[in-house]
Amino acid sequence: MFANIDMFEQDSRADTTKVQDHAPITTLNRHPVHQLNMSESVEHHDSALSKLSTAKDKKEIADQAFKEGNAKDALKSYYEALLYLLGLDKNAMSSMGLASPTPAASGSNAEKQKTEVSITEMRVVLIIYSVMHSQVDEMIEKIYANMSACHMKLGNWKRAIETADKALAKNENNFKAMFRKGKALGELGFFEKSVKILEEVKTKNPSDANAVDSEVARLRVIDNEKEKAHKQKLKGFLSRDKGERSATPTKLSIV
4 MFANIDMFEQ DSRADTTKVQ DHAPITTLNR HPVHQLNMSE SVEHHDSALS
54 KLSTAKDKKE IADQAFKEGN AKDALKSYYE ALLYLLGLDK NAMSSMGLAS
104 PTPAASGSNA EKQKTEVSIT EMRVVLIIYS VMHSQVDEMI EKIYANMSAC
154 HMKLGNWKRA IETADKALAK NENNFKAMFR KGKALGELGF FEKSVKILEE
204 VKTKNPSDAN AVDSEVARLR VIDNEKEKAH KQKLKGFLSR DKGERSATPT
254 KLSIV
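Heads up: take any position in the sequence shown, counting from 1, add 3, and you land on the working numbering.
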C-alpha cells in the first residue's frame with residue numbers, strides 16, 4: 004500500500020455544507036461597517052478558488068505521471084501545484100480585511116439591520132475561507148507525501164525524508180509519509196532510527212503490520228551485511244598491520 008500515492012478526491016470548491024459545524028465567530032471586530040468591501044472579498048475568494056482548482060489539476064497530472072512510472076515529470080507537476088497552494092495561506096485573510104464589524108451601539112433600526120447583515124455576510128466568507136484552507140492543507144500534505152514517494156523511486160533518500168517531514172508537519176499521522184521516512188533512513192544506513200519510525204507506524208496503524216515487518220526484515224538483512232563487510236574490512240586491516248609489524252627487523256642494543 005505504501006507504494007501508492009495519495010489521491011485527492013474532494014471537490015476543489017469550498018464546501019459550504021460544513022458551515023453548521025463551525026462555532027460562531029465572536030472575536031473579529033476591527034473594522035466599522037463603512038470600511039467593509041464585500042466585492043473585494045468576493046474577488047479574492049474567486050481568485051483563491053481558481054488557484055485551488057489549478058493546483059488540483061496539476062496534482063492530477065502528477066498522479067498520472069507517477070502511475071505511468073515517470074517520477075521526474077510527477078515531481079515537476081507536484082512542484083507546480085505547490086506554487087499555487089503555498090500562496091493560499093491563512094495570513095491572506097487578515098490582509099484582505101476580512102474582519103467582522105462591531106455592531107453599532109446606537110442608531111436607527113435600518114442601520115442596525117444593515118450592520119447585522121454585514122456581520123452575517125462576513126461570517127459566511129470567513130467560514131468558506133476556513134473550509135477552503137482545510138482543503139489546501141490536506142492537498143499540500145498529500146503532495147509532499149507523494150513527492151517523497153517520487154524521490155524514493157529515484158533513490159533520492161535525503162529528499163524523500165525532507166518531503167516526508169513536510170507532509171508530517173501537516174499531519175503527524177500520515178502513515179505513508181512515516182513509512183517512507185523510515186524506509187529512506189534505513190537506506191541511508193540509520194537502521195535504529197528507521198526501525199523506531201516503522202514500529203511506530205505499526206503501533207499507530209496495526210493494519211500496516213505486515214508491510215512494516217517485511218520492510219524491517221529487509222533492512223535488517225542489509226544492516227547485517229553491512230556490519231559483516233565492515234568487520235571483514237577491519238579484520239583485514241588488523242591482519243595487514245600485524246604482518247607489517249612482524250616484518251620489521253628488531254634493533255639490538257650494543258653494550
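In this text, a Cβ means the ideal position worked out from N, Cα and C, and glycines have one as well.
In this text, all values refer to a predicted model and were calculated from it rather than measured experimentally.
Neighbourhood of residue i by C-beta, 8 Å cutoff - its chain only, sequence neighbours within 5 removed
{"i": "L171", "result": "N177, A180, M181, K184"}
{"i": "E218", "result": "F182, G185, K186, G189, L201"}
{"i": "D216", "result": "K205"}
Alpha helix (DSSP H) segment containing residue i, residue limits
{"i": "L89", "result": "No alpha helix (DSSP H) holds L89; DSSP gives it neither H nor E."}
{"i": "F193", "result": "Element bounds for F193: n/a, residue is neither H nor E."}
{"i": "E71", "result": "It is not in any alpha helix (DSSP H) - E71 carries neither H nor E in the DSSP assignment."}
{"i": "L171", "result": "160 to 173"}
Separation of residue j from residue i, as counted between CA atoms
{"i": "K79", "j": "A65", "result": "8 Å"}
{"i": "M142", "j": "K54", "result": "12 Å"}
{"i": "K169", "j": "A214", "result": "23 Å"}
{"i": "W160", "j": "K186", "result": "9 Å"}
{"i": "S15", "j": "G189", "result": "Annotation note: pLDDT 37 at S15 (below 50); position unreliable, coordinate value reported separately. The straight-line gap from Cα to Cα measures roughly 37 Å."}
{"i": "A77", "j": "F69", "result": "5 Å"}
{"i": "V198", "j": "E63", "result": "33 Å"}
{"i": "Y81", "j": "T123", "result": "37 Å"}
{"i": "V195", "j": "K173", "result": "The sequence as given places Glu at residue 195; Val does not occur at that position. Each residue's alpha carbon lies about 25 Å from the other."}
{"i": "K61", "j": "K156", "result": "20 Å"}
{"i": "K93", "j": "E175", "result": "Note on K93: pLDDT 48, under 50, position unreliable in the model; no value is reported."}
{"i": "R243", "j": "Q235", "result": "12 Å"}
{"i": "I164", "j": "K145", "result": "15 Å"}
{"i": "R221", "j": "N227", "result": "10 Å"}
{"i": "K207", "j": "N7", "result": "19 Å"}
{"i": "L86", "j": "E71", "result": "23 Å"}
{"i": "D211", "j": "A74", "result": "24 Å"}
{"i": "G90", "j": "K238", "result": "57 Å"}
{"i": "R223", "j": "P209", "result": "21 Å"}
7 Å Cβ shell around residue i - same chain, five flanking residues per side excluded
{"i": "L88", "result": "A58, V139, M142, I143"}
{"i": "T166", "result": "Y147, M150, S151, H154"}
{"i": "F5", "result": "K179, F182, R183, A214"}
Spatial neighbours of residue i in its chain, beta-carbon cut-off 6 Å, leaving aside the 5 residues before and after
{"i": "H233", "result": "none"}
{"i": "I225", "result": "none"}
{"i": "R162", "result": "H154"}
{"i": "H37", "result": "Residue placement at H37 is flagged as unreliable, the pLDDT there being 39, under the threshold of 50; the coordinate-derived value follows with that caveat. Once the five neighbours on either side are set aside, H37 has no close Cβ partner at all."}
Within-9 Å CB hit, residue i to chain C
{"i": "K161", "result": "The question asks about chain C, but that chain is absent: this structure has only one protein chain."}
Supposed contact pair residue j and residue i - C-beta distance, whole angstroms, cut 8 Å
{"i": "K231", "j": "G192", "result": "At roughly 14 Å, the Cβ-Cβ gap does not stay under 8 Å, so K231 and G192 are not in contact."}
{"i": "A51", "j": "M135", "result": "6 Å"}
**Prompt:** Is there contact here, the segment 203 to 216 with the segment 174 to 181, by at least three beta-carbon pairs under 8 Å?
**Reply:** In short, these stretches touch, since the Cβ pair count reaches three.
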